[in-house]
Amino acid sequence: MLNCKETTRLLSDEMEHPLYASQRFALKLHLLMCRYCHNFGRHIKFLRRIGKAYGELDEERLRDAK
Amino acid sequence: MIDIHKNKITEAELALHRKFLYRYALLHLRDSDLAEDAVQDTLLSAFMAAQGYEGRASVRTWLVSILKNKIIDIMRKEARMPIPESQLAPEEGNSDIDEPFTAAARWERDRRPRTWEDPDEALERKQFWEMFELCCKVMPLQTARVFMLREVMGLSIEEICKNMEISTSNCSVILYRARMRLRDCIEVKWFGNRRKEK
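Listed below in structure tokens is the structure:
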């Protein structure tokens with residue numbers, strides 16, 4: 000049974016290389032039960048989008064915050 | 000005025016590109032002199048190689064691609080030199096201090112990742128990017144650099160290890176810490192005060 004610390008580490012590693020089937024299974028199981036780790040996984044994927052968007056940033060099109 | 004293969008760039012456009020290149024370099028290098036050098040080199044190379052520009056990509060994209068190589072060159076040179084002690088503190092040595100987990104390796108109550116409302120919309124806001132740069136700046140130097148190389152430049156983890164002369168496993172750990180810290184910082188500074196929620 001994975002704990003949250005192990006789960007977040009696997010989620011990070013998964014963004015670099017495919018995991019073993021057993022790891023994927025354990026990960027899925029934990030994510031089904033833990034919405035915090037589930038959120039973490041979504042957030043680090045969003046970090047990748049942020050990084051990519053930063054490289055293509057067009058300051059002219061940005062708006063001020065509400 | 001620079002004539003890049005019939006694509007004329009005005010002074011004003013150049014100034015705008017320059018500003019962006021500087022910000023981009025600064026995010027990666029975190030040193031204003033080094034960033035300035037990288038931008039200077041980039042514009043010089045661009046000027047010399049103007050006929051190599053075929054107008055396929057936008058001028059911005061073309062300049063950034065030159066800048067990326069300059070930044071990696073600078074980092075490669077730096078990797079062979081010891082990082083100044085002032086830049087090492089406070090993380091590298093005692094990395095466990097800032098962990099968001101309890102002794103049982105579960106999330107600390109007030110550090111649990113919440114739902115982010117409309118994250119896509121945030122990307123269009125000027126303040127979001129200012130906050131992002133700030134969150135990058137508070138990370139330890141090496142952690143921030145590895146993250147930028149991976150997620151902003153899009154290098155593979157293997158390329159990063161090679162250029163920075165660190166082992167692959169160390170690279171994954173650094174990347175993991177960077178994601179952890181940056182996620183936390185962005186949540187606190189942008190996606191609202193978590194402590195209001197239960």
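Protein chains in written order, with numbering that gives the first Met the number 0: chain A, 0 to 65; chain B, 0 to 197.
Beta carbons are placed, not taken as given, at the ideal position from N, Cα and C, and that holds for glycine.
- Ala48(B) sits away from Ala34(B), with the two beta carbons spaced by 9 Å or more.
- Under the 8 Å Cβ criterion, the region 102 to 118 of chain B does not count as touching the region 150 to 157 of chain B, having fewer than three qualifying pairs.
- Around the beta-carbon of Val145(B), 16 or more other beta-carbon atoms lie within 10 Å, marking it buried.
- In the displayed model, Phe190(B) falls within coil according to three-state DSSP, outside both helix and strand.
- Within its own chain, the residues whose Cβ lies closer than 6 Å to the Cβ of Leu148(B), once the five positions on either side in sequence are excluded, are Leu154 and Ile159, listed in chain order.
- Listed along chain A are Ser11, Asp12 and Glu15, each with a C-beta nearer than 8 Å to that of Ser171(B).
- The alpha-carbon of Ile173(B) is positioned some 33 Å away from that of Leu15(B).
- Around the CB of Glu186(B), 16 or more other CB atoms lie within 10 Å, so the residue is classed as buried.
- Restricted to the region 108 to 153 of chain B, the alpha helix (DSSP H) segments that are unbroken, complete and at least 4 residues in length are 118 to 121, 125 to 136 and 140 to 146, listed in chain order.
- Interface annotation, Tyr35(A): in contact with chain B, CB-CB separation under 9 Å.
- Here DSSP, grouped into helix, strand and coil, assigns Arg105(B) to coil.
- Under DSSP, Arg62(A) takes part in a beta bridge, and its partners are Arg124(B).
- For Phe100(B), no alpha helix (DSSP H) run applies, since DSSP gives it neither H nor E.
- Beyond the five residues adjoining it in sequence on each side, Ser44(B) comes within less than 8 Å, by CB distance, of Ile65 and Lys69 in the same chain, given in chain order.
- Following the DSSP letters along the chain, one finds Met47(B) inside the alpha helix (DSSP H) bounded by residues Ser31 to Met47.
- In this structure Arg180(B) is in contact with Met138(B), their Cβ atoms being roughly 6 Å apart against a cut-off of 8 Å.
- One Cα belongs to Pro17(A), the other to Ser11(A), and the distance between them is close to 11 Å.
- Secondary structure of Asp57(A) (DSSP, three-state): coil.
- Of all residues in the region 29 to 53 of chain A, only Tyr35, Cys36, Asn38, Phe39, Arg41, His42, Ile43, Phe45, Leu46, Arg47, Arg48, Ile49, Gly50, Lys51, Ala52 and Tyr53 come within less than 8 Å of chain B when Cβ atoms are compared, listed by chain position.
- In this structure, the CA atom of Thr101(B) is about 34 Å from the CA atom of Ala52(A).
- Distance from the CA of Ala56(B) to the CA of Leu30(A), rounded to the nearest whole angstrom, comes to 41 Å.
- Between the alpha carbons of Tyr19(A) and Arg62(A) lies a gap of roughly 43 Å.
- For Glu15(A), no alpha helix (DSSP H) run applies, since DSSP gives it neither H nor E.
- When rounded, the separation of the alpha-carbon atoms in Phe46(B) and Met14(A) is 38 Å.
- In its own chain, leaving out the 5 sequence neighbours on each side, no residue places its CB closer than 6 Å to the CB of Lys76(B).
- Across the set Lys44(A), Asp57(A) and Gly54(A), the C-alpha of Lys44(A) shows the shortest separation from the C-alpha of Arg178(B).
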